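Chemist: One structure coming up, written as structure tokens, with questions to follow.
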Amino acid sequence: MTITMQGFRRTPKPDTSQRMAIEETRTDKIFLVGVRIMLWIALIAVAVPIIYIIANSFSSASAVSAGRVLLWPVEPSLKAYQTAFADPQIMQGYLNSFIYAIGGTLISVTLTIAIAYPLSRKTFFGRNVIMSILVFTMLFTGGLIPTYLVVQDLGMLNTRWAMVIPSAIGVWQVIIARTFFRSTIPDELYEAATIDGASDLRFLWSVVLPLSKPVIAVIALMYAIFQWNSYFDALIYLKDPGLYPLQIVLRNVLILNQATSGSTTQNLAQQLDQQQLANVLKYALIVISSLPVLVIYPFVARHFTKGVMVGAVKG
Amino acid sequence: MSATYEVKPAPPAPAAAPAVRRAPIPRPSRWTQARRSLRRHWQLYLLVIVPLAYFVIFKYIPISNAVIAFKNYSPVKGPWGSDWVGFRNFELFFQNPVFWTLVKNTFILAAYTVLASFPIPIILAIALNEIRNGRFKKIVQLVTYAPYFISTVVVVSMTILVLSPRLGFVNDAIGLFGVPAVDFLGNPDYFRHIYVWSDVWQTTGYSAVIYLAALAGIDPALHESARIDGASRLQRIWNVDLPGIMPTAVIILVLGVGNIMSIGFEKAFLLQNPLNQAQSEIIATYVYKTGLLNADFSMATAVGLFNSVINLVLLVVVNFVAKRITGNGLWS
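What follows is the structure in structure tokens.
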């Protein structure tokens, strides 16, 4: 790999700013100020909506409904979070999403390695044909209904399997894993292991997998995040609300404005309270659902990027 | 180990040394190679059985199922047993008044997305590459990259909340200038801008990372010699950085244009409401509604197939053109 990662570097680079500052001409200095302003604008444009959502989620229901919250909580309150965590539908969705994310990732990673490793071996006859078979599915698909018919015929409709099997292997992840195996496991290692009497499976298990932890982590994270964020498969394959992942519950509450818990309408004042709570609940739900991903993200971003780059190298 | 010889694809017959003339060793036939590989590496073939079955079942059987586009699908008779109707589903679709609206909406939305989300990550990456301040740079990168990990449902919800006429801060902000509150999502004219710019918001940081890697791969000697020749920063960006990231940019553009017709169902569907449908109804959402809500499987498949074929043709053509012009393409 000749590509060095510009971003998310852990070891600091030798500081050259001092020397550069002397050489910088006037126009260049002005230019750099412009660059900085641009980056600040980018930073603010991305961060403000996120901060706005978080601030609202921690505010009181009346402040949110009056639109008084901007970037800092007004009348701080945890009411929305308490409501969300007490709601059986939301909690069931959370649990389901975890099941799909963990189960799906296990299946996906296993299958991806099972095909990526043989494809990385020069002695595997037919690897080019198999690779073409895989890549073609990136260019042309049967479409929504023909795939739906297959899932239906397999009896997977409205089961948990429909969430993890039809989208189990990503061709992109296969390419990433294959490229990694090919560039980091030297042929000599395989030859040495063969002389010691190791079979192909034994070599994969005892040598390749321990050496490939970084790439396994990357593709596992890609699958897990994809699974956590996906809602389309659930939308078309699931009917039973007890199987819904969090994203579907979110869509019902946030976009379709469906009440979660069976709201018993009493008098007008209570209705208004309910309405106000429903507003702030939306903000809290956004935070709750994105939290698992955003908490791990800063720690994995570096590896994630690297994985994407490995896959992007042609060949 | 019984078979101790190493099986390799036989090298081309060695150039006969002038002194000793030998008959060239015949290259084993492909069939022999396959048999040897299978015997020696049967475990590898065992490994690929399940993943290959996955691709056959979930990718290739659907392609064969797409035959129902030319049939009148009956669940009882199955995809292959149903009665042929030739191109009738396609004719019906082309004659449908909704056809041109769908094609237009899909095409404009996708083209707008590609045009807006192509240059912005390049600008961001070059700006990040220009500054040397480690911490600030790191923060900008980390923050702009983050939205990529947020789900579509959440991004759409955030968009709806932020743009809400009653609660959202965007309307508060334009209210400061005396502009009355706008119902952005209720007006079809705003749909495309909302779709595209929320997409830019979500993906710019991620795409910039790819360009940053390309920028880091540029030979520093080029920059140094340009600086010695008195090139300003702007001139160096124009003459060194931009040509340096050109191959990456071409690939990303080809992918973008090639996928123009397969623009995401998820977001358009989530942002859609009865008020903005005039511009938010695209082919993908129409397929979903026809197929799964109205249960017209054959028609939905025909529409989807039409879309897939256009997409494939576009990808091939764009790749060909890009290779002609710049010498870079997706596949060689």
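Residue numbers (this note's numbering), protein chains in the order written: chain A, 1 to 315; chain B, 1001 to 1332. Note that the Cβ used here is the ideal one computed from N, Cα and C, for glycine as well. Remember, it's a predicted structure, so these values are computed and weren't measured experimentally.
(1) Could you tell me which chain A residues have their CB closer than 9 Å to the CB of Pro1079/B, listed as they occur along the chain?
(2) Along chain B, in chain order, which residues have C-beta atoms closer than 9 Å to that of Gln247/A?
(3) Below 8 Å on the Cβ atoms is my guess for Met156/A versus Gly104/A; work out the distance and round it to an integer in Å.
(4) By the criterion of Cβ-Cβ separation under 7 Å, what are the contact partners of Arg1027/B in chain A?
(5) Using a Cβ-Cβ distance under 8 Å, would Lys978/B count as near chain A?
(6) First and last residue of the alpha helix (DSSP H) that includes Asn1311/B?
(7) Count Cβ pairs between the stretch 1248-1258 of chain B and the stretch 1272-1287 of chain B that sit closer than 8 Å; are there 3 or more?
(8) Using a C-beta to C-beta distance shorter than 9 Å, which residues of chain B count as neighbours of Asn229/A?
(9) Determine the chain B residues that contact Phe181/A at a beta-carbon separation under 8 Å, and present them in chain order.
(10) For my contact list, Ile1194/B and Leu1185/B are in at a C-beta cut-off of 8 Å; report their separation, rounded to the angstrom.
(11) Answer yes or no: does any C-beta atom of chain A fall closer than 8 Å to that of Ala1034/B?
(12) As a quick exercise: from Ile248/A, Gly126/A and Pro210/A, pick the residue whose alpha carbon is nearest that of Trp228/A.
(13) In the DSSP assignment, the alpha helix (DSSP H) including Phe1265/B goes from what residue to what residue?
(14) Mind checking which residues open and close the alpha helix (DSSP H) that includes Leu130/A?
(15) Quick check: the stretch 140-149 of chain A against the stretch 64-84 of chain A, are there 3 or more CB pairs under 8 Å?
(16) Jot down the residue ranges of each uninterrupted alpha helix (DSSP H) in the stretch 20-89 of chain A, minimum 4 residues, whole runs only, in chain order.
(17) If you count every other CB in all the chains shown that lies within 10 Å of the CB of Ile51/A, and 16 or more means buried, which is it?
(18) If we define contact as Cβ-Cβ less than 8 Å, is Asn96/A a contact residue for chain B?
(19) Going along chain B in order, which residues have a C-beta closer than 7 Å to the C-beta of Val35/A?
(20) Below 8 Å on the Cβ atoms is my guess for Ser1207/B versus Pro1121/B; work out the distance and round it to an integer in Å.
(21) At a Cβ threshold of 8 Å, is Met1158/B touching chain A?
(22) Keeping to the same chain, check which residues put their C-beta closer than 6 Å to that of Ala1278/B; ignore five residues upstream and five downstream.
(23) On the premise that Leu32/A lies in contact with Glu1130/B, defined as a C-beta separation below 8 Å, what is that separation, rounded to the nearest angstrom?
(24) Put Asp187/A into one of helix, strand or coil per three-state DSSP.
(25) Step through the CB atoms of chain B and report whether any lies within less than 8 Å of the CB of Leu320/A.
(26) Could you confirm whether any beta carbon from chain B is found closer than 8 Å to the beta carbon of Ile51/A?
(27) Of the residues Ile185/A, Pro214/A and Ala217/A, which one's Cα is nearest the Cα of Leu204/A?
(28) Does any residue of chain A bring its CB to less than 8 Å from the CB of Tyr1286/B?
(29) Under 8 Å between beta-carbons, which chain A residues line up against Glu1266/B? List them in chain order, please.
(30) Span of the alpha helix (DSSP H) holding Gly1205/B?
(31) Is it the case that the Cβ atoms of Val150/A and Phe1058/B are separated by a distance below 8 Å?
(32) If Ser59/A sits next to Pro73/A, beta carbons under 8 Å apart, how far is it from one beta carbon to the other, in whole angstroms?
(33) Have a look at Val1085/B, Ser1064/B and Ala1034/B and flag the residue whose alpha-carbon is nearest the alpha-carbon of Val129/A.
(34) Can you tell me whether Ile195/A is buried or exposed? The criterion is at least 16 other CB atoms within 10 Å of its CB, across all chains shown.
(35) Of all Cβ atoms in chain B, is any one closer than 8 Å to the Cβ of Asp87/A?
Modeler: For this structure:
(1) Pro146 and Leu149
(2) Ser1151, Thr1152, Val1153 and Val1154
(3) Not quite, the Cβ-Cβ distance comes to about 13 Å (not below 8 Å), so this is no contact.
(4) Within chain A, no residue comes near Arg1027/B; the closest Cβ sits about 14 Å away, beyond 7 Å.
(5) Because chain B spans 1001 through 1332 in this model, residue 978/B falls outside it and cannot be assessed.
(6) Phe1297 to Thr1326
(7) no
(8) Phe1149, Ile1150, Ser1151, Thr1152, Val1153 and Val1154
(9) None at all; the shortest Cβ gap to chain B is about 12 Å.
(10) 7 Å
(11) yes
(12) Ile248/A
(13) Phe1265 to Leu1271
(14) It is worth fixing the name first, because residue 130/A is Ile in this sequence and not Leu. It spans Arg127 to Leu139 - the alpha helix (DSSP H) in which Ile130/A sits, taken as one unbroken run.
(15) no
(16) 26-57, 61-65 and 79-86
(17) exposed
(18) no
(19) Ala1127, Glu1130 and Ile1131
(20) 4 Å
(21) yes
(22) Pro1188
(23) 7 Å
(24) helix
(25) Outside the modelled stretch of chain A, which goes from 1 to 315, sits residue 320/A, for which no answer is possible.
(26) no
(27) Ile185/A
(28) no
(29) Tyr231 and Phe232
(30) Pro1188 to Ala1216
(31) yes
(32) 5 Å
(33) Ala1034/B
(34) exposed
(35) no
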